[in-house]
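Everything below concerns the one structure shown next.
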Amino acid sequence: MTIATPSLAPPLREINPPKWPSPRGYSHAMAGTGTFVFIGGQIATDNAGRVTSIGLVPQARQALRNVRTVLAEAGGAPEDIAQMTWYVLDIDHYRMLLKEIGVVYQEVMGHHYPAMALVEVTGLVNPAAVVEIAATAILPVGAPSSPVTGSPIP
1 MTIATPSLAP
11 PLREINPPKW
21 PSPRGYSHAM
31 AGTGTFVFIG
41 GQIATDNAGR
51 VTSIGLVPQA
61 RQALRNVRTV
71 LAEAGGAPED
81 IAQMTWYVLD
91 IDHYRMLLKE
101 IGVVYQEVMG
111 HHYPAMALVE
121 VTGLVNPAAV
131 VEIAATAILP
141 VGAPSSPVTG
151 SPIP
């Protein structure tokens, strides 16, 4: 007896117009087919919901870890992320620490660079937070996924 296994659809592909300058640390767009996973804004909290650190770089590290944890629970990996939006309290401070943030990003997410946006905001849900990261991932067709947990949406 032969058991057929579903073939995975191609992974996400970057879309960067060839006549434009090459983006650094992001892509202009991503395309893919599969199951969408919408990851709500993640801040630098631990399992008890406490903000774990002070400062943009350590908070970015923990927020990225939280994005990765939620994505793994859905059966995905960083390379499945199609879009990411960062919300920061101080965009100039972010720009000043861009190199360090890039190192942290690669440490947690590897060398996959989805379409990204950076938005300066006046406040976040937790007053101790200085960065919040939301993401959208597309799990390949046929990819295994974790069982859904939580309550169904009414």
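Under the UniProt record's numbering, the sequence shown has 136 at position 136, and the numbering climbs by one with no breaks.
Built from N, CA and C at the ideal position, the CB exists for glycine as well.
Residue i by DSSP, collapsed to three states: which one?
i	result
VAL119	strand
ARG24	coil
PRO140	strand
ALA128	coil
Thinking C-beta only, is residue j closer than 7 Å to residue i?
i	j	result
ARG112	GLU79	First, the amino acid is wrong: residue 112 is His here, not Arg. Closer than 7 Å, so yes.
ILE39	VAL70	yes
ALA82	MET30	yes
GLY32	LEU56	no
TRP86	ILE133	yes
Which term fits residue i, buried or exposed, when burial requires 16 or more other beta carbons within 10 angstroms of its beta carbon?
i	result
GLY102	exposed
ARG95	exposed
GLY76	buried
GLY23	Here the sequence assigns Pro to residue 23, which means Gly is not the residue at that position. Exposed, by the Cβ-count rule.
VAL67	buried
VAL121	exposed
Can you give the beta carbon distance from residue i to residue j, rounded, assuming they're within the 8 Å contact cut?
i	j	result
ALA63	VAL131	6 Å
VAL119	ARG65	Rounded, the Cβ-Cβ distance is 21 Å, inconsistent with contact.
ALA128	VAL51	4 Å
ILE54	VAL125	The Cβ separation is near 17 Å, so there is no contact.
So with Cβ pairs under 7 Å, would you call residue i a contact of chain D?
i	result
ALA128	Protein chains in the displayed structure number just one, and chain D is not present.
Exercise for review: Ignoring anything shorter than 4 residues or poking outside the stretch 31 to 116, list the alpha helix (DSSP H) runs there in chain order.
Suggested key: 56 to 73, 91 to 96, 98 to 109
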